[in-house]
DNA sequence: AGTCACGGTGTTTTT
DNA sequence: CACCGTGACT
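Residue numbers (the UniProt record's numbering): 1 to 743.
Written out as structure tokens, the structure is:
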């Protein structure tokens with residue numbers, strides 16, 4: 001009995017077809033991850049392919065990690081030398097080695113959306129562009145779209161022809177790229193674009209990676225854009241062993257440049273491609289799957305297919321309408337509470353899916369009130385918090401002093417008395433001399449009319465220089481700690497002593513833990529932990545990557561974030577025309593956009609394994625005004641016989657004071673929620689109450705093997721444990737990361 | 001230099 | 001509603 005016997009015939013075919021281009025059309029829940037992992041195992045076990053020669057692209061880091069684990073279970077060796085990563089991480093890894101060929105330093109900075117916006121602001125100011133007419137947001141959006149399509153500023157200008165507006169955008173694009181280059185920075189889209197550029201410019205580099213990646217697999221292929229496709233096809237050109245897996249019905253990222261033509265036209269680009277369809281669903285009950293099939297059947301732009309399942313019929317799809325959003329949320333919280341109390345399931349079995357992030361708030365409120373642990377995925381990123389960004393900008397400055405944006409942010413944080421006027425003068429000087437802001441600061445005595453600020457600037461420069469010189473010998477954690485100590489950042493917050501400042505300190509502690517976790521992860525993979533490595537990881541994590549399947553909490557997230565996941569019990573909330581499908585699509589969208597919304601609905605429905613509940617409200621507050629929405633058209637597309645309507649409208653007749661929160665109640669809730677912004681959002685116990693081992697015990701570490709506990713020091717957030725290992729000597733580690741087992 | 005209050009504006013979705 | 005940027009004031 002081999003591991004491949006558990007696969008169905010088309011799955012087995014997909015696994016065994018290792019040579020040449022392969023397109024796997026994998027319906028929702030048809031076991032595509034199983035196919036991919038078994039295929040990798042097959043390549044290694046049966047075909048003797050060196051894992052070093054395999055590249056697998058996944059959509060999130062979390063998926064990458066899971067895939068690695070599952071391959072490990074199948075083959076038990078060698079999975080660490082497979083490249084499993086997202087497009088972005090793979091490109092960064094390549095660029096870190098070779099981007100000097102394009103005239104950047106290999107320690108380039110990665111700009112997030114905030115950084116892009118401030119850079120664009122600078123660019124507009126310099127170009128005298130009225131940001132009332134040309135909004136930074138929209139300029140960036142247009143540039144991003146151009147990059148998705150691999151269009152350069154020149155291309156854009158040519159395309160513009162007589163179009164004045166587009167010409168203007170093209171010139172902004174050009175300046176924006178120049179500014180990025182000056183700061184030795186890349187934005188998200190550049191990561192892909194520059195890698196393609198590198199491949200096209202340097203034949204030797206491309207050849208190296210073509211030789212290296214003899215077997216390439218791409219997951220969620222329907223959501224790749226033109227640039228990503230180019231990246232992949234360049235790599236696969238030589239050996240043509242390219243296997244892509246996707247489902248055109250789950251393409252939901254058109255707004256971000258995903259090119260559905262990549263999947264629909266695959267056979268055209270690779271004429272000898274083998275096409276394999278996986279249509280048996282193993283995930284959902286028959287009722288849920290039928291509902292999904294019926295909804296998606298309303299789309300015309302698709303490869304026709306019908307998923308089927310041998311699973312049981314299951315309960316009907318529940319639909320409930322409420323008077324308002326409060327009651328909707330209360331019902332959901334109630335149902336989940338009931339489930340847990342009756343021992344019919346855990347919190348982690350449940351997911352709340354909504355169209356927009358703004359909808360999460362009210363569920364958080366009700367979950368807090370009902371004492372239900374939850375984790376919010378998405379929304380405001382941890383790394384976007386002020387205190388975190390400040391500290392990261394110190395690290396960025398130390399790592400890449402050409403990053404003017406980072407220098408600008410921290411030069412007066414904490415207050416050093418270097419104000420806007422002084423900074424403006426230095427910036428002007430830098431611009432005139434064609435040097436970076438930081439270089440100008442280093443020679444500040446040559447900047448005219450600086451006056452008294454000179455000594456303050458000198459202090460700052462000395463401080464950064466000191467850190468730069470130490471950076472090579474210190475760990476990331478030590479550098480961060482040094483920044484915190486020398487700037488007095490935390491000390492200042494401690495002195496403030498408010499609810500908010502305490503929460504900020506907690507966040508900083510968490511950042512410290514993240515540096516430690518990073519160092520340990522690198523150690524485990526036998527790689528060295530570097531500052532730029534850490535900054536890169538920080539830039540590329542998605543919130544979904546931090547979901548811990550061992551924690552028992554309800555997940556709250558957008559339908560987009562839910563892609564690729566599955567849950568026994570799913571609540572799709574806010575099922576109203578104007579919310580989902582969105583107001584934008586209904587009023588301004590074309591058929592294509594409506595079909596994309598419908599695919600999003602299909603994705604949502606097919607996340608559910610056993611139980612699906614759709615809810616909506618008759619009345620809801622949006623941006624300060626009350627809206628009255630009809631039931632979503634998607635709900636009406638599900639045949640009646642598959643739906644359990646309950647009592648059509650939930651006539652709970654709430655007491656007035658329940659419906660409208662009293663001011664006192666309201667402000668209390670607000671306090672809780674604002675506090676939540678600063679406390680870790682999940683109900684995660686970072687620090688165990690006690691450890692199940694003590695000094696003198698023999699323990700096992702997943703990587704280091706067996707050792708004896710020498711010392712346990714209780715820190716604020718965690719225990720620091722010192723262990724003397726038989727093989728690798730004495731190591732210090734944090735208990736919650738090390739997962740030591742007493743033996 | 002830094003803080004506060006006001007008014008205008010706007011988000012669908014994200015690596 | 002909530003955020004951001006601007007402008008006046010300390």
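All C-beta atoms, glycine included, are put in the ideal place defined by N, C-alpha and C.
Reducing DSSP to helix, strand and coil, say where residue i ends up.
{"i": "residue 306", "result": "coil"}
{"i": "residue 359", "result": "helix"}
{"i": "residue 14", "result": "helix"}
{"i": "residue 720", "result": "strand"}
{"i": "residue 46", "result": "coil"}
{"i": "residue 578", "result": "strand"}
{"i": "residue 602", "result": "helix"}
{"i": "residue 700", "result": "strand"}
{"i": "residue 570", "result": "strand"}
{"i": "residue 711", "result": "strand"}
{"i": "residue 671", "result": "Any reading at residue 671 needs caution, since the residue's pLDDT is 49, under 50, leaving its predicted position unreliable; the model's value is listed next. Note: residue 671 maps to helix in three-state DSSP."}
{"i": "residue 217", "result": "strand"}
{"i": "residue 274", "result": "strand"}
{"i": "residue 503", "result": "helix"}
{"i": "residue 538", "result": "helix"}
{"i": "residue 741", "result": "strand"}
{"i": "residue 208", "result": "helix"}
{"i": "residue 443", "result": "coil"}
{"i": "residue 554", "result": "strand"}
{"i": "residue 55", "result": "strand"}
{"i": "residue 747", "result": "This structure leaves residue 747 out entirely; the chain is present only between 1 and 743."}
Evaluate residue i with the Cβ neighbour count: other Cβ atoms within 10 Å of its Cβ, from every protein chain shown; 16 or more gives buried, anything less gives exposed.
{"i": "residue 621", "result": "exposed"}
{"i": "residue 190", "result": "buried"}
{"i": "residue 470", "result": "exposed"}
{"i": "residue 213", "result": "buried"}
{"i": "residue 563", "result": "buried"}
{"i": "residue 11", "result": "buried"}
{"i": "residue 85", "result": "buried"}
{"i": "residue 98", "result": "buried"}
{"i": "residue 569", "result": "buried"}
{"i": "residue 535", "result": "buried"}
{"i": "residue 104", "result": "buried"}
{"i": "residue 67", "result": "buried"}
{"i": "residue 724", "result": "exposed"}
{"i": "residue 743", "result": "exposed"}
{"i": "residue 571", "result": "buried"}
{"i": "residue 730", "result": "exposed"}
{"i": "residue 226", "result": "buried"}
{"i": "residue 639", "result": "exposed"}
{"i": "residue 204", "result": "exposed"}
{"i": "residue 466", "result": "exposed"}
Determine which residues share a DSSP beta bridge with residue i and list them.
{"i": "residue 619", "result": "324, 628"}
{"i": "residue 318", "result": "613, 644"}
{"i": "residue 280", "result": "308"}
{"i": "residue 350", "result": "569"}
{"i": "residue 24", "result": "245, 276"}
{"i": "residue 729", "result": "725"}
{"i": "residue 109", "result": "185"}
Nearest by alpha-carbon distance to residue i: which of the options is it?
{"i": "residue 223", "options": "164, 691, 261, 289", "result": "261"}
{"i": "residue 381", "options": "150, 540, 571, 32", "result": "540"}
{"i": "residue 596", "options": "632, 566, 581, 605", "result": "581"}
{"i": "residue 646", "options": "303, 318, 456", "result": "318"}
{"i": "residue 566", "options": "604, 531, 542, 433", "result": "604"}
{"i": "residue 202", "options": "178, 242, 100", "result": "100"}
{"i": "residue 83", "options": "698, 329, 525, 124", "result": "525"}
{"i": "residue 59", "options": "430, 218, 411, 342", "result": "218"}
{"i": "residue 507", "options": "493, 519, 456", "result": "493"}
{"i": "residue 615", "options": "599, 609, 607, 632", "result": "632"}
{"i": "residue 240", "options": "54, 544, 630, 140", "result": "54"}
{"i": "residue 126", "options": "432, 142, 498", "result": "432"}
{"i": "residue 145", "options": "256, 344, 359", "result": "256"}
### Query
Where are the beta strand (DSSP E) runs, 3 residues long or more, that stay fully inside the segment 118-204, in chain order?
Correct list: 185-187.
### Task
Please go through the segment 64-89 and give each complete beta strand (DSSP E) segment of 3 or more residues, from N-terminal end onward.
Listed in chain order, the complete beta strand (DSSP E) runs (minimum 3 residues) inside the segment 64-89 are 83-86.
### Message
I'd like the ranges of any alpha helix (DSSP H) spanning at least 4 consecutive residues and lying wholly in the segment 377-428.
### Response
Taking only runs of at least 4 residues, the alpha helix (DSSP H) segments lying wholly in the segment 377-428 are 386-399, 404-410.
### Contiguous beta strand (DSSP E) assignments of at least 3 residues, all confined to the segment 454-523
DSSP runs (the beta strand (DSSP E)) wholly in the segment 454-523: none.
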